[in-house]
Amino acid sequence: MRVFRLHVNGDPVEVAAPEHWTLLEVLRYQLGLTGSKQGCDKGDCGACTVLVDGTPTLSCLSLAATVEDQQITTIEGLLPAHRAAGGEGADPLQESFDESGALQCGFCQPGMILSAKALLAENPDPSAAEIKESLAGNLCRCTGYTQIYEAVLAAAKADMHAAISTDSAKEVQS
Ligand code: FES
Ligand code: FES
799 MRVFRLHVNG
809 DPVEVAAPEH
819 WTLLEVLRYQ
829 LGLTGSKQGC
839 DKGDCGACTV
849 LVDGTPTLSC
859 LSLAATVEDQ
869 QITTIEGLLP
879 AHRAAGGEGA
889 DPLQESFDES
899 GALQCGFCQP
909 GMILSAKALL
919 AENPDPSAAE
929 IKESLAGNLC
939 RCTGYTQIYE
949 AVLAAAKADM
959 HAAISTDSAK
969 EVQS
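Under our numbering, the first residue of the sequence shown is numbered 799, with each subsequent residue one higher.
Here it is as structure tokens:
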């Protein structure tokens, strides 16, 4: 056993776990953050995807010891971050997945949403091909992917619209 000093969803946490545990094991079995799913546990499905310093990362392949100095974001962190930024309701991307009917069993969704989150942070106006490419490592056993891609596209368009509206409002006021 050893103590890991992690930064999870904006909070510093100290947690004791076996030295060889993966980030996914520490998140799920010591911190109770079960949103990150243990699918294949060998890097094939993307269900365990979390953001490490904003980059989609397979937590089943990452030793917890290797990410102690980095910022980890799990699906549980999106709503508090959205609210802390002054937002209301759910995180817009989660909302968009809901409105687009982009989930069935939901097992793949945390990983899908976090991969999409990273894409939109880097590229707020992605093409359909770019969305598809960014989610290539996230497998879904239930859907045909169409609604998933549509959900990301809709969230991007809503974000762009909000940004344009804010800019226009500022122009009107100035
Ligand atoms: S559980 Fe990590 S890639 Fe499948
Ligand atoms: S909704 Fe079931 S695996 Fe994607």
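Virtual Cβ for every residue (Gly too), placed ideally from N, Cα, C. Note that this is a predicted model, so its numbers are computed, not measured.
Item to complete: Assuming Ala900 contacts Thr941 (C-beta within less than 8 Å), just tell me the rounded distance between them.
Response: The residue you call residue 900 lines up with position 102 of the sequence shown. The residue you call residue 941 lines up with position 143 of the sequence shown. The distance from the Cβ of Ala900 to that of Thr941 is about 7 Å, consistent with a contact at the 8 Å cut-off.
Discussion item. For Ser925 and Ala863, what's the separation of their Cα atoms in angstroms?
Written reply: For the purposes of this step, residue 925 is taken as the residue at position 127 of the sequence shown. For the purposes of this step, residue 863 is taken as the residue at position 65 of the sequence shown. Going by the C-alpha atoms only, they are around 36 Å apart.
Fill in: Asn921 burial status per 10 Å Cβ neighbour count (16 or more: buried)
As a first step, residue 921 must be located in the sequence shown, where it is residue number 123. The residue in question, Asn921, is exposed, as its Cβ has fewer than 16 Cβ neighbours within 10 Å.
Worksheet item: Do the CB positions of Glu866 and Arg803 come within less than 7 Å of each other?
Response: Residue mapping note: residue 866 aligns to position 68 of the sequence shown, counting from 1. Residue mapping note: residue 803 aligns to position 5 of the sequence shown, counting from 1. Yes, the pair counts as a contact, with Cβ atoms nearer than the cut-off.
Worksheet item: For Ser857, which residues from the same chain have a beta carbon less than 6 Å from its beta carbon, with the 5 sequence-adjacent residues on both sides left out?
Response: Here residue 857 refers to the residue found at position 59 of the sequence shown. Closer than 6 Å at the Cβ level, and outside the excluded window around Ser857, lie Leu821, Leu822, Ser834, Cys846, Val848.
Fill in: Outcome for Gln892 when other beta-carbon atoms lying within 10 angstroms are tallied against a minimum of 16
If you number the sequence shown from 1, residue 892 lands on position 94. By the neighbour-count rule (16 or more Cβ atoms within 10 Å), Gln892 is buried.
Worksheet item: Gln828 lies in the beta strand (DSSP E); which residues open and close that run?
Response: Residue 828 sits at position 30 when you count from the first residue of the sequence shown. No residue range can be given for Gln828, since it is assigned to no beta strand (DSSP E) and is classified by DSSP as neither H nor E.
Item to complete: Could you have a look at His805 and say whether DSSP puts it in helix, strand or coil?
Response: Position 7 of the sequence shown, counting from 1, holds the residue named residue 805. His805: strand per DSSP, three-state reduction.
Practice prompt. Rounded to whole angstroms, what's the CA-CA distance from Glu874 to Lys930? Just pull it up for me.
Written response: Taking the sequence shown and counting its residues from 1, the one referred to as residue 874 is at position 76. Taking the sequence shown and counting its residues from 1, the one referred to as residue 930 is at position 132. Distance between the alpha carbons of Glu874 and Lys930: 24 Å.
Worksheet item: Does the distance from the CB of Pro908 to the CB of Ala953 come in under 7 Å?
Response: Looking up residue 908 in the sequence shown gives position 110. Looking up residue 953 in the sequence shown gives position 155. A distance of 7 Å or more separates the beta carbons of Pro908 and Ala953.
Worksheet item: Quick one: is the Cβ of Gly844 within less than 6 Å of any heavy atom of ligand 1?
Response: Here residue 844 refers to the residue found at position 46 of the sequence shown. Yes.
Item to complete: Just the C-alpha distance for Gly884 and Asp957, rounded to the nearest angstrom, thanks.
Response: By one-based count along the sequence shown, residue 884 stands at place 86. By one-based count along the sequence shown, residue 957 stands at place 159. When rounded, the distance between both Cα atoms is 15 Å.
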